[in-house]
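Written below as structure tokens is the structure these notes are about.
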Amino acid sequence: RGPVRHAAVTLPDAVWRAGTPGRPATLVHGDFHLGQLGRRGPTAHWQLIDIDDVGIGDPVWDLARPAGFWAA
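In structure tokens, the structure reads:
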């Protein structure tokens, strides 16, 4: 077994089920990081861009990705 397969078999069963029990399902960006924000000028409102991965999911994932990036 390779290291990825070994790590995968140690994950809890809930990881493989759709959704997260007890967590909300809402509209999420799916690929959120600070590079996904833009505006047309210094006084314009910030806009969320690159929405090709938008879907329904647990909103914590949209926060976990940039948090993981900045922690690394």
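Under my numbering, think of the first position of the sequence shown as 5, with each following residue one higher.
Backbone N, C-alpha and C define an ideal beta-carbon position, used for all residues, glycine too.
For V32, the three-state DSSP class (helix, strand or coil)
strand
Within a Cβ cutoff of 7 Å, which residues of the same chain sit near P7, ignoring the five residues on either side of it in sequence?
none
Please decide whether L31 counts as near chain D, where near means a Cβ-Cβ distance under 8 Å.
The chain inventory of the structure shown lacks chain D, comprising one protein chain alone.
Quick one: measure Cβ to Cβ for F36 and D62, integer angstroms, because I've assumed they're closer than 8 Å.
About 13 Å separates the two Cβ atoms, so there is no contact after all.
Tell me which same chain residues have a C-beta within less than 7 Å of the C-beta of D54, skipping the five on either side of it?
D35, Q40
With DSSP as the reference, identify every bridge partner of G39, one or two as the case may be.
Answer by DSSP bridge pairing: none, since G39 is not bridged.
Identity of the residues DSSP links to G61 by a beta bridge:
T30
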